[in-house]
Ligand SMILES: Nc1ncnc2c1ncn2[C@@H]1O[C@H](COP(=O)(O)OP(=O)(O)OP(=O)(O)O)[C@@H](O)[C@H]1O
Ligand SMILES: [Mg+2]
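Residue numbers (my numbering), protein chains in the order written: chain A, 807 to 1166; chain B, 9 to 279; chain C, 94 to 635.
Next up, the structure:
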């Protein structure tokens, strides 16, 4: 009886979803209801920080899906995150309306500054929230579809694939730095005012964004879990282990890789879209190869192909990053570097693997 | 289209007429390889190889290391594209135009020389994935195992003697067990043509005998091509043996015939 | 003993003699400079003529300072001095002697002022002096500086110089200048001859002057009245344009080559570790950075020997990077053979550590590595084409490094063992090759080459903690494009990518050109996953 229940609802899944549910209930109360002078009060700053972590955790899930389960070491997932973020950022820019520095009702500030005569066509429609949300999903998804279609069909694998994913994000980095692209160049998009009419600086909006982020993470977790538990997920693992064998069993390996890559890119894009309103800015540095490769280490530290490992890794590494960058900024890169080296040498399965070994 | 193709074949076989039953080749053969040439940087791994496998036949292929046996299987399963020649499956399927998954879907199954199973997946799942089913992306995403399918997998698990290990990760199996698992996966695929590369390497004597029985029982309903170095094993199952050497067919016939062929003796015992 | 004494005596006398001569010069210059103190512009003009007649380098410096408004009279000692710059308390030197006089506050100095007429004569005087400069290139520059200010004075000067000039390139410049004068002549035959001469030039000023003559004058009539000559002028402009375009292409190709060879240099080390050993070393860029910092350190250690420091830096950079590489291989990479993705991550971690280490030790600011004299300047081939020496030397250096590596791999015992290990590790070990040792040496070799690339890069960009990062993606692209495991492929890929990049730049701009190249490679790899020159055989299948 208990065993059957365990099988149906594995402990780790229950813990992850339970913790997220607890956060969704507790954080709004502790921030909005509990008085500011109470020791239990959580500041809005902390709420936003937590929200940021959960966005990272969602992003880590997407990386685990392709790397952990499908064996595709992507060094460019930051690109999908950033594209989702830009799509959201464009909506937020349009919401500013004539409240910008130049007070131009038709053009965002940076376009006025650069003397753009009119809104470029690819900005059309971003005043509409549903359209922007569709783009949050469509743009990363389409890029992944096109890129993956080329890459997987021609059987680019292993480190080659890693390197061209890195080249992809690097090319986008260079492109978004250009003012001519119409995405704010170096400075990116910022100075947002409100979302769906709610003031972005208000505590209530911050808390609501946090709650949405937590729910999205939970849904992504359940979705990824469902994919991995299906036969499709098994085939994907099979492809990771022995690609040729899967092919000779009649599976079109490239399609399997392609769709999991697209799904993962979409999850990354959604994470980016939730990240931008909370941190208040999106700029090309999100495309930097370093940011993308950092994601991989979250997953590696947490433990690959378990999903909850990715979440744990993202939270842990980012918490460490916050601590180090505020107290010992010079030490952070040493620590991060050491994590890469020691993690791969001594923790091949991350902390999850360590936990499993202890449990045995 | 298929009629045209058949006509072509007719002419081709009539032209070089190696055996008396040439007409039969067209109607009775499940696999038809003609003039296959594969070269790697000028080295000819297969050199104008022709081979015909009949429906329901159990064919053994022997030959020294590097003779091109595995390369031939690579050609049939679409892994290697030949420079020249034609490969027709079941009368009208041109294998050279198909990708590996399409060939597998057409009904050709293969066991690799080096056992390759999905090490991180349980034995049961290995078989589930091999099972004949719709293997598209959407179909697998929503696939559910029926009771009947479950029974079938369990039956195969019995056949290959791994019922005790059904939930063990395949990576934890011994070499011989992996061989069995791969044979099991082949069974789950229910192919019309099975290509089995060195199935008994790493097996005990009894296991070898059981494999022999299994393969013999499969033939008839399916066509089976076995590549083996173990002569005793070959003798125990073979009706017809083909000897490959330097990418060509050196001899073909019953085990006794080929064993007494002076060319074969020379190749095996060295000049 | 006596002879030695005698020799010493003669030597001393000679030195004394030349010092005496110097003192005489200084005295004359000093006397002339005194004239500048006068407030009378006529007297000042005479003084300028006297100084110009001196013709020495110091005289030239005085006139230049006067023209630039840096010549002062000290209020306290009433000396004529040259200020180094326009700072509030500039460093000053004596006008006649060039002796260092420390520095002085602006308020203690009185500037010697000049009028426009003097400015003109100063310009002419300076040009005249430069026209007598010992260096031919300086004379050419002097002539070209006069293209804009051709007047009867300067023309006379140019004609004088033409009569005395022997050097071919200077003569060419002189004739061009005189032809520019003749272009304004009222005699059509003169103009025709001038056009003849000028159509062989490639100077931008000449072209502009010719284009100007095709327009209309202030009175609305064409400047060139003769229709036939107008056609000749148009043809001459077209000819100049064509020549400039061709040389422009040559120059672009050269820039492309130099960029390409930098890429080759950066990528060959990678081609060894990645291609030959199958190890993907993300810290490769940081090894280049180490090489560049090693160069900087060597320069700091031998400040008096700038010319040689770069040469000395070559072995040092190689060793530093090679040792770092060996440490990385022994400490980390060797535990990860056969797990390329893990290797990638671990070496990336090392790259972060190295970056931060450099940032902590040398500060996060960029360091400028000085360029020695023999590498600076350019080789002027003609008016439209000049080749900078540093790029030329870098190309030669890359070729030398590349050929050395190819030779090492092909002809030495080490090379044989490396290739054996690369093809089949176990087999090589069975044959008695010490795999671990070979791995370490190979890795060290590849890393050392990265250090050499760092030396080259230090001459092109600033040396900073991000130097490695900005080159690593490019280097990988080169290796992958060329085909892993093939040094010649790396060469072809690096050079062609560099040239392609530079040819795209004029149309697309630097950033877009780079993006286009990246996108091209991404698409290319998808068509040919094994690069331009794929490695064949069973090993490649694994
Ligand atoms: N991808 C490849 N590249 C280069 N040569 C290859 C490749 N594949 C096979 N060969 C060569 O082709 C020849 C035939 O190889 P094949 O594997 O077909 O032999 P085999 O008959 O199966 O031998 P064995 O009994 O050892 O399995 C061998 O000499 C082998 O080295
Ligand atoms: Mg074989």
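The C-beta atom is built at its ideal place from N, Cα and C for all residues, glycine as well.
What would DSSP say about residue i, mapped onto helix, strand or coil?
i, result
"residue 68 of chain B", "strand"
"residue 1153 of chain A", "coil"
"residue 165 of chain C", "strand"
"residue 475 of chain C", "strand"
"residue 247 of chain B", "coil"
"residue 200 of chain C", "helix"
"residue 633 of chain C", "Model confidence at residue 633 of chain C stands at a pLDDT of 40, short of 50, so the residue's coordinates are unreliable and nothing is read from them."
"residue 280 of chain C", "coil"
"residue 195 of chain C", "strand"
"residue 371 of chain C", "coil"
Is the separation between the beta-carbon of residue i and that of residue j shorter than 8 Å?
i, j, result
"residue 145 of chain C", "residue 154 of chain C", "no"
"residue 943 of chain A", "residue 1075 of chain A", "yes"
"residue 1088 of chain A", "residue 994 of chain A", "yes"
"residue 117 of chain B", "residue 185 of chain B", "no"
"residue 870 of chain A", "residue 1105 of chain A", "yes"
Leaving out five residues on either side along the sequence, give the residues of the same chain with a beta carbon under 7 Å from the beta carbon of residue i.
i, result
"residue 29 of chain B", "Confidence at residue 29 of chain B is low in this model, with a pLDDT of 39, below 50, so the placement of that residue should be treated as unreliable; the coordinate-derived value is given next. Nothing meets the Cβ criterion."
"residue 508 of chain C", "501 and 502"
"residue 169 of chain B", "188"
"residue 434 of chain C", "none"
"residue 1003 of chain A", "none"
For the alpha helix (DSSP H) containing residue i, list its first residue and its last residue.
i, result
"residue 52 of chain B", "Here residue 52 of chain B belongs to no alpha helix (DSSP H); instead the beta strand (DSSP E) covers 51 to 62."
"residue 261 of chain C", "261 to 275"
"residue 581 of chain C", "580 to 601"
"residue 301 of chain C", "297 to 306"
"residue 437 of chain C", "433 to 455"
"residue 1053 of chain A", "1049 to 1054"
"residue 1072 of chain A", "1059 to 1085"
"residue 135 of chain C", "134 to 147"
"residue 1019 of chain A", "1009 to 1035"
"residue 138 of chain B", "131 to 138"
"residue 96 of chain B", "Taken as a continuous stretch (DSSP letters only), residue 96 of chain B belongs to no alpha helix (DSSP H), being part of the beta strand (DSSP E) at 92 to 97."
Could you spell out where the beta strand (DSSP E) holding residue i opens and where it closes?
i, result
"residue 205 of chain B", "201 to 205"
"residue 40 of chain B", "37 to 48"
"residue 478 of chain C", "478 to 481"
"residue 389 of chain C", "From DSSP, residue 389 of chain C is part of no beta strand (DSSP E) but of the alpha helix (DSSP H) over 377 to 394."
"residue 236 of chain B", "Counting along the chain, residue 236 of chain B falls outside any beta strand (DSSP E), and DSSP gives it neither H nor E."
Which same chain residues, not among the five before or five after residue i, have their C-beta less than 8 Å away from its C-beta?
i, result
"residue 147 of chain C", "118, 121, 122 and 125"
"residue 181 of chain C", "198 and 199"
"residue 95 of chain B", "39, 40, 41, 42, 44, 83, 84, 102, 103 and 104"
"residue 279 of chain B", "Only weak support exists for where residue 279 of chain B lies, its pLDDT of 45 falling under 50; the value from the coordinates is given anyway. Answer for residue 279 of chain B: no residue qualifies."
"residue 471 of chain C", "479, 480, 481 and 482"
"residue 174 of chain C", "164, 165, 166, 167, 185, 186, 187, 188, 194, 197 and 202"
Applying the criterion that 16 or more other CB atoms from any shown protein chain within 10 Å of the CB defines a buried residue, is residue i buried or exposed?
i, result
"residue 213 of chain B", "exposed"
"residue 842 of chain A", "exposed"
"residue 301 of chain C", "exposed"
"residue 178 of chain B", "buried"
"residue 907 of chain A", "exposed"
"residue 183 of chain B", "exposed"
"residue 1066 of chain A", "buried"
"residue 367 of chain C", "buried"
"residue 203 of chain B", "buried"
"residue 524 of chain C", "exposed"
Enumerate in chain order the residues of its own chain whose CB-to-CB distance from residue i is below 6 Å, with the five nearest sequence positions on each side excluded.
i, result
"residue 266 of chain B", "249, 251, 259 and 272"
"residue 357 of chain C", "491, 584 and 587"
Just checking residue i against ligand 4 - is the residue's beta carbon closer than 7 Å to any of the ligand's heavy atoms?
i, result
"residue 205 of chain B", "Ligand 4 is absent from the structure shown, which contains only ligand 1 and ligand 2."
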